[in-house]
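In case it helps, our numbering puts the sequence shown at residues 6 to 479. Glycine included, each C-beta is placed from N, C-alpha and C at the ideal position. All of these numbers come straight from a predicted model, not from anything done at the bench. Presented below is the structure to which this report refers.
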Amino acid sequence: MLLFFPWSVLAQTNPARPDTLVFSAQTFYEIIRNQHPLVKQADLFGESARQVLMQARGGFDPKLVSNYDRKEFGSDLYYNQWQNKLSVPVWLGGVDLFASYDRNDPRGKYFNPADRTPESGLAGLGVTVPIGQGLLIDARRNAVQQARLARTLAEADRLALINQTLFEAANSYWTWFLAHQQRRLLTEGSDLAYVRFVAVRQRALLGDVATIDTTEALITFQERLVMTQQATVEEQNARLQVSTFLWNADGAPVELPAQAVPQQPSLLPPPDSTLQALLDQAAQQHPELLRLDTEIRQLTLEERFRRAMIQPQIALTATLLSDGAVASGGPDRSSEYAFRTQNHKVGLDVVFPLFLRKERGKFREVQIKNQQTRLTRQQTGRDIVNTVQSTYNQLLALAQQVVLQQQTVRNQQTLVLAEQQKFDLGESTLFLVNTRETKLIELRVKGEELKANYQKAVAELYFAAGTSTNAVVD
C-alpha cells in the first residue's frame with residue numbers, strides 16, 4: 006500500500022518554480038531513524054536482551070515443592086507420605102535456604118522407621134552450602150552475569166543495524182542526486198541542441214550556412230535526446246531506491262513525491278580535528294569493537310566458571326528440626342522437640358570425577374576461544390583505524406577534485422563561448438561548437454558526480470567510525 010508523502014518535510018526550491026520542492030538529506034535520515042522498520046527492529050534487541058536477563062534471574066526464584074505418595078494393596082497400607090519444601094536460592098556463596106514440612110503415616114506395613122514423623126508432622130529450617138565447586142561461581146550466577154553482558158551485545162547490534170541502514174540510505178540519496186543532476190544537465194544540452202538545430206535550419210534556408218550543417222545539428226540533438234531519455238530512466242530508478250527507505254508512522258510504505266528534488270550538497274572540507282575525533286569515537290563506541298569487547302568479557306567469565314567446575318562437588322546440608330505443632334506456635338515451645346541444636350539433620354554430598362576429562366576439555370576450549378577473540382579484537386581495531394584514515398584521505402582528495410573540476414568547467418565555458426562567437430563570425434564550424442559544448446556537459450556531469458562521491462565518502466567515513474551522526478557535512 007502506497008500513501009502520500011507528508012508535504013511538511015519538503016521545502017520549496019525556488020519561488021519561480023512552485024512545483025519543485027527540496028527533500029533534504031537530513032529530513033530523509035530523520036524519517037528513517039523514526040519510522041524505518043529495520044530501526045524499529047533494532048530497538049527490539051534491547052527488549053529481547055532484557056527478557057533473557059529475566060530468564061536468567063529466574064534461577065534465583067524461590068521454589069515450592071510438594072509431594073504426596075500413598076499406596077494400598079489389598080487390605081494393607083504400604084505408605085502414606087506428604088513432603089513439602091520451600092527453597093530460596095541466595096546469590097552470595099551459592100547458598101540455598103529452605104524450609105520443610107513432612108508428615109508420614111507410620112502405620113504403613115512397609116514403613117521405613119527413618120521416615121517416621123510426629124503425628125503433627127516434622128518441620129525443618131535448613132541451609133545447603135557448596136564448599137568446593139559452586140562456592141565462588143555456579144551455573145545460576147554465571148547465567149545472570151552472561152545475560153547482563155548480553156544487553157551490551159544487544160546495544161552493539163542495535164547500533165550496527167541502524168548505522169548500516171543509514172549508510173545504505175545515504176548512498177541511495179546521493180545516487181539520486183547524481184541521477185537528477187545528470188538528467189537535468191543532459192536535458193539542458195538536448196534543449197540547447199534543438200534550439201541550435203532550428204536556428205541552423207533557418208539560416209540554411211536563407212543560404213547563410215551550408216545545408217550539411219543542418220544534418221550535423223540534427224545528429225547532435227538526436228544523440229543528446231537519447232542520452233536524456235536514458236538519464237531519465239536512471240533517475241526514476243534512483244527515486245525508487247530512495248522510496249524503499251520511506252515509511253510513515255503507521256508502518257506503511259510511502260512514495261517519494263514527483264515534485265521532490267534532492268538538496269545541493271555542502272562542499273565545506275571537514276575540520277582538521279575531525280579525524281582524531283572519529284578515531285576516538287571508533288575506539289570507544291564502534292559496534293564491532295563493543296561486540297568483541299563484550300564477547301571477551303563473557304568468555305573470561307565463562308573461563309572462570311569452567312575453572313570452578315574442575316573442583317570437587319561438595320555440598321553441606323544442615324537442618325534444624327521441630328515437631329510440627331511446636332513449629333506452628335503451639336503452647337509448649339520449650340519442648341525438647343522445638344528448634345534446638347540437638348534436633349538436627351546433617352548431610353554431606355561429595356562428587357568428584359576421577360579423570361575430569363570433560364571439565365578440563367571444556368575449560369581449555371573456552372580458553373582457546375578467548376584467545377582467538379582477543380586476537381580478532383586486535384586485528385579488527387587496527388582495520389577500523391586504517392579504514393577511517395584511508396576514507397578520510399579519500400574525502401580530502403575528493404574535496405580538492407571538486408574545486409579543480411569547478412575551475413575546469415569555468416574554463417570550458419570560456420572555450421564554448423569563444424567558439425560560439427567564432428562560429429557567428431564564420432571563423433569556426435558547427436562541429437567544433439558541438440564538440441566544445443558536449444565536452445562542457447561531460448565536465449559538468451563529472452563535477453556533479455564528484456559532489457555525490459564526496460557526500461558518499463562523508464557517509465562512509467562516519468560509518469567506518471561506527472556512527473551515523475552528522476552523516477552530511479553542513
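For residue i: DSSP bridge partner residues
i, result
"Phe28", "Pro267"
"Ser327", "Ala128"
"Lys350", "Thr324"
"Asn109", "Gln86"
"Val1", "This structure leaves residue 1 out entirely; the chain is present only between 6 and 479."
"Thr133", "Asp101 and Thr322"
"Trp252", "Pro258"
Close Cβ partners of residue i (< 6 angstroms) along its chain, the five nearest in sequence each way excluded
i, result
"Tyr199", "Phe226"
"Gln151", "Gln303"
"Gln187", "Ala236 and Val450"
"Ala47", "Arg163, Leu166 and Ile167"
"Leu272", "Val407"
"Thr322", "Thr133 and Gly352"
"Pro292", "Ala161, Leu164, Ala165 and Gly471"
"Leu325", "Leu130, Phe344 and His349"
Contact set for residue i: own chain, Cβ-Cβ below 7 angstroms, skip 5 residues either direction
i, result
"Ile1", "The requested residue 1 is not part of the displayed model; the chain covers only 6 to 479."
"Arg62", "Val149"
"Leu91", "Pro67, Leu69, Phe103 and Ala104"
"Pro336", "Since pLDDT at Pro336 reaches only 46, below the 50 mark, its modelled position is unreliable, and no value is offered."
"Gly113", "Leu82, Tyr83, Tyr84 and Asn85"
"Val421", "Arg441, Glu442 and Leu445"
"Gly126", "Tyr106, Asp107, Arg108 and Gly329"
"Leu7", "Its pLDDT being 34, under 50, Leu7 is placed unreliably by the model, and the measurement read from it follows with that caveat. Once the five neighbours on either side are set aside, the close Cβ partners of Leu7 are Pro258, Val259 and Glu260."
"Arg309", "Ile142"
"Arg244", "Trp181 and Leu261"
Distance between beta carbons of residue j and residue i, contact taken as under 8 angstroms
i, j, result
"Phe202", "Ala222", "4 angstroms"
"Lys461", "Asn39", "Not really, about 23 angstroms apart at Cβ, beyond 8 angstroms."
"Thr472", "Gln290", "7 angstroms"
"Thr180", "Gln241", "With 8 angstroms as the limit, Thr180 and Gln241 do not qualify as a contact, their Cβ atoms being about 12 angstroms apart."
"Thr396", "Leu466", "5 angstroms"
"Tyr178", "Pro258", "Wrong, their Cβ atoms sit about 17 angstroms apart, outside the cutoff."
"Thr392", "Ala288", "Not confirmed; about 13 angstroms, so no contact."
"Thr25", "Gln264", "6 angstroms"
"Gln425", "Val438", "6 angstroms"
"Val356", "Arg311", "So it is not a contact: roughly 17 angstroms between Cβ atoms."
"Leu58", "Arg153", "6 angstroms"
"Gly98", "Leu140", "6 angstroms"
"Val390", "Leu251", "About 35 angstroms separates the two Cβ atoms, so there is no contact after all."
"Ala480", "Asp354", "Within the shown structure, residues of the chain are numbered from 6 to 479, placing residue 480 beyond reach of any answer."
"Pro1", "Leu400", "Nothing can be reported for residue 1, as the shown portion of the chain is limited to 6 through 479."
"Pro317", "Gly137", "5 angstroms"
Spatial neighbours of residue i in its chain, beta-carbon cut-off 8 angstroms, leaving aside the 5 residues before and after
i, result
"Thr219", "Phe202, Val205, Arg206 and Ala209"
"Leu403", "Leu455, Asn458, Tyr459 and Ala462"
"Gln17", "At Gln17, the pLDDT of 41 sits below 50, so the modelled position is not reliable; the number obtained from the coordinates is stated separately. Taken in chain order, the residues that qualify are Pro23, Thr25, Leu26 and Val27."
"Phe428", "Thr434, Leu435, Leu437 and Val438"
"Gln286", "Ala470, Gly471 and Thr472"
Continuous alpha helix (DSSP H) assignments of at least 4 residues falling wholly in the region 37-107: Listed in chain order, the alpha helix (DSSP H) elements of length 4 or more contained wholly in the region 37-107 are 42-62.
Inter-stretch contact (C-beta, 8 angstroms, three-pair minimum) for the region 105-115 and the region 72-85: These segments touch.
The region 230-243 / the region 186-205 touching (three or more Cβ pairs under 8 angstroms): Cβ pair count under 8 angstroms is three or more, so yes.
The region 48-62 in contact with the region 153-167 per 3-pair CB rule at 8 angstroms: With the rule of 3 Cβ pairs closer than 8 angstroms, the region 48-62 counts as touching the region 153-167.
At least 3 beta-carbon pairs within less than 8 angstroms: the region 301-309 vs the region 376-389: Contact between the region 301-309 and the region 376-389 is present, with at least three C-beta pairs closer than 8 angstroms.
Start-end ranges of the beta strand (DSSP E) lying completely within the region 269-302, minimum 3 residues: You should have found no qualifying run.
Whole runs of the beta strand (DSSP E) within the region 410-473, excluding any shorter than 3 residues: If we require 3 residues or more, the region 410-473 turns out to have no beta strand (DSSP E) run fully inside it.
Cβ contact check for the region 130-147 and the region 98-106: 3 or more pairs under 8 angstroms: The way I'd put it, the region 130-147 does touch the region 98-106; three or more beta-carbon pairs between them come closer than 8 angstroms.
Segment contact, 8 angstroms Cβ cut-off, at least three pairs: the region 396-415 with the region 434-452: Below 8 angstroms, enough C-beta pairs join the region 396-415 and the region 434-452 to call them touching: three or more.
Meets three-Cβ-pair contact criterion under 8 angstroms: the region 275-290 and the region 41-50: The region 275-290 is not in contact with the region 41-50.
Whole beta strand (DSSP E) elements within the region 209-243, 3-residue minimum: Counting only runs of 3 or more, we get nothing.
Minimum length 3: unbroken beta strand (DSSP E) runs contained in the region 113-191: DSSP runs (the beta strand (DSSP E)) wholly in the region 113-191: 127-135.
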